[in-house]
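*Asks:* Every number in this note's numbering is 171 more than the matching position in the sequence shown, counting from 1.
For every residue, glycine included, the Cβ atom is placed at its ideal position computed from N, Cα and C.
In this text the structure is predicted, and so the values were computed from the model without any measurement.
First, the structure itself, so that you have it in front of you.
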Amino acid sequence: MQKIDILSLTLDELIAEMEKRGEKKFRAVQIYEWLHKHKVTDFDSMTNLSAQLRQKLDEFFWINSLKIQKRLVSDLDNTVKYLYGLSDGEKVETVLMEYKHGNSICISTQVGCKMQCKFCASTKAGFVRNLLPGEMLSQIYESERDSGRHINHIVLMGIGEPLDNFDNVVKFLRLIDSKEDMSLRHVSLSTCGLVPRIYELARLKLGITLSVSLHAPTNELRSAIMPVNDRYPIEELMKACKAYFEATGRRISYEFALIDAVNDTKENADALIKLLKGQNCHVNLIPVNEIKEGEFKRSASVERFKQMLNDGGLNATVRRTLGADISAACGQLRRDNK
Ligand code: SAH
């Protein structure tokens, strides 16, 4: 019999599993608190349960907790990058960042990625598997435990395409929503643009911010650097983004990684202004982070590009790069980073 991954269960699911085994609802509530408030990683730490019940739990369930394999701390800005080992020996990276408003964590949603964006390290070694909801949560719990910092912002921008692991990601978001110390208002999900899933997410009205990796204002250029654009071209993506805004009232944040001589010219800026003008949105400019396979170089015109967008009426800012000295910046995360 396969044991159940208890950290991935919502409270209602845990209640149902416990009742199936002849236990009372309040026991499930106690266990849920041990897991998600006290964040224990073994049943023996659940000291208000009888030894007999703890043994029973151990028989039917297991707690999926990740193990720190490597920890790198940035000398520049206190950013911490963790390499976490999963129960099957696979690995993912997680980044903990310090901002004025608190601590933010960038979590991975898959082991590897299928999307093959040309500039991104996370996809270079291919795709292995989806992460379970508990494995996404455990990245947060273990990072909090290790750092002693309380995390109040979560970004799904690590390894993987979150909307390609839709059901597990939504369940993870529901688990976050059940916590008193976290809010979905402080969660951002970044997608390369899986259009049908954007509509599905809009229907759920979870209150999270949607970041869309745009990176190019025309289909020709976008398809050249992001193969996903062949499946879901820019016109369809824009329709989905507008629908997301209409359904949720949350403005879209477009990510645009500036690459030297690829997408940082005046023509690119003009095309982007034309594309987004009138949309209630924000453009996040990221000087592209170079990766070791990289043919792409960082643009030297980031400020100029921002100014052109602002002059054209777009709300655009440059994202601060954190953890550059430990390869913890956008697009630099890898599975199995040796
Ligand atoms: N798969 C999701 C989330 C992961 S990447 C997505 O595509 O959105 C998080 C962000 O970093 C995305 O906007 C991604 O396009 C961007 N990114 C990837 N590689 C990068 C690089 N080398 N430099 C800057 N940003 C990069």
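#1: How many Å lie between P367 and T218 at the Cα?
#2: Alpha carbon to alpha carbon, how far is A199 from Q226?
#3: Tell me which residue opens and which closes the alpha helix (DSSP H) that N339 is part of.
#4: Can you determine whether any heavy atom of the ligand SAH sits closer than 7 Å to the C-beta of F343, and answer yes or no?
#5: Looking at P304 and L346, is the spacing between their C-beta atoms short of 8 Å?
#6: Going by CA-CA distance only, name the one from D176, G193, K195, A187 that's closest to D206.
#7: What first and last residue would you give for the alpha helix (DSSP H) that runs through R300?
#8: Report yes or no: do three or more beta-carbon pairs, one from the stretch 473-486 and one from the stretch 436-449, lie closer than 8 Å?
#9: Could you say which of R242, K196, E464, T380 lies nearest to E426 if we only look at CA atoms?
#10: To which residues of the same chain is F343 closer than 7 Å at the C-beta, ignoring the five residues directly before and after it?
#11: Going by DSSP, what residues sit across from N274 in a beta bridge?
#12: Can you grab the Cα-Cα spacing for the pair S293 / Q223, in whole Å?
#13: Comparing C-alpha positions only, which one of Y312, K410, L385 sits nearest to L456?
#14: Quick one: what does DSSP say A373 is sitting in, helix, strand or coil?
#15: Using the Cβ count rule (16 or more neighbours within 10 Å means buried), how would you classify A411?
#16: Should the stretch 470-478 be regarded as contacting the stretch 284-301, the criterion being three or more beta carbon pairs within less than 8 Å?
#17: Does the beta-carbon of M353 have 16 or more other beta-carbons within 10 angstroms, so that it is buried, or is it exposed?
#18: Report yes if the CB atom of A440 is closer than 8 Å to the CB atom of Y370, and no otherwise.
#19: For the stretch 187-194 and the stretch 308-319, state whether three or more C-beta atom pairs, one from each stretch, are separated by less than 8 Å.
#20: Which residue wins for smallest C-alpha separation from K208, given the options N460, Y312, Y253, N400?
#21: When the Cα atoms are used, what is the spatial distance from D248 to Q173?
#22: Go ahead and pull the three-state DSSP assignment for T181.
#23: Taking the CB atoms as reference points, tell me whether G329 and T265 lie closer together than 8 Å.
#24: Under a three-way DSSP split, which group does C412 fall into?
*Replies:* In this structure, then:
#1: The sequence position of residue 367 within the sequence shown is 196, counting from 1. The sequence position of residue 218 within the sequence shown is 47, counting from 1. So the alpha carbons of these two residues sit roughly 46 Å apart.
#2: Numbered from its first residue, the sequence shown carries residue 199 at position 28. Numbered from its first residue, the sequence shown carries residue 226 at position 55. Going by the C-alpha atoms only, they are around 15 Å apart.
#3: If you number the sequence shown from 1, residue 339 lands on position 168. Element bounds for N339: 337-348.
#4: Along the sequence shown, one-based indexing puts residue 343 at 172. Not under cutoff, so the answer is no.
#5: Here the question's residue 346 lines up with position 175 in the sequence shown. Here the question's residue 304 lines up with position 133 in the sequence shown. The answer is yes: Cβ separation under 8 Å.
#6: Indexing the sequence shown from 1 puts residue 206 at position 35. Looking at the sequence provided, one finds Leu at residue 206 rather than Asp. Minimum Cα distance to L206 is reached at D176.
#7: Your numbering for residue 300 matches position 129 in the sequence shown. Taken as a continuous stretch (DSSP letters only), R300 belongs to no alpha helix (DSSP H), being part of the beta strand (DSSP E) at 298-301.
#8: yes
#9: For the purposes of this step, residue 426 is taken as residue 255 along the sequence shown, with counting starting at 1. The shortest Cα separation from E426 among R242, K196, E464, T380 belongs to T380.
#10: Looking up residue 343 in the sequence shown gives position 172. Taken in chain order, the residues that qualify are P304, M307, L308.
#11: The residue you call residue 274 lines up with position 103 of the sequence shown. E269, I322.
#12: Position 122 of the sequence shown, counted from the first residue, corresponds to residue 293. Position 52 of the sequence shown, counted from the first residue, corresponds to residue 223. When rounded, the distance between both Cα atoms is 44 Å.
#13: The sequence position of residue 456 within the sequence shown is 285, counting from 1. Per the Cα distances, L385.
#14: In the sequence shown, counting from the first residue as 1, residue 373 sits at position 202. Of the three classes helix, strand and coil, the one that applies to A373 here is helix, per DSSP.
#15: Taking the sequence shown and counting its residues from 1, the one referred to as residue 411 is at position 240. Burial call: buried.
#16: no
#17: Working through the sequence shown from its first residue, we reach residue 353 at position 182. Label assigned to M353: buried.
#18: Reading the sequence shown from its first residue, position 269 is the one you call residue 440. Reading the sequence shown from its first residue, position 199 is the one you call residue 370. No, they are not a contact pair.
#19: no
#20: Along the sequence shown, read from residue 1 onward, the residue named residue 208 stands at position 37. The shortest Cα separation from K208 among N460, Y312, Y253, N400 belongs to Y312.
#21: Counting from one through the sequence shown, the residue named residue 248 turns up at place 77. Counting from one through the sequence shown, the residue named residue 173 turns up at place 2. If you take the alpha carbons of D248 and Q173, they lie about 44 Å apart.
#22: Your numbering for residue 181 matches position 10 in the sequence shown. DSSP places T181 in coil when its eight states are reduced to three.
#23: Taking the sequence shown and counting its residues from 1, the one referred to as residue 329 is at position 158. Taking the sequence shown and counting its residues from 1, the one referred to as residue 265 is at position 94. For G329 and T265, yes; Cβs fall inside 8 Å.
#24: Indexing the sequence shown from 1 puts residue 412 at position 241. It is helical.
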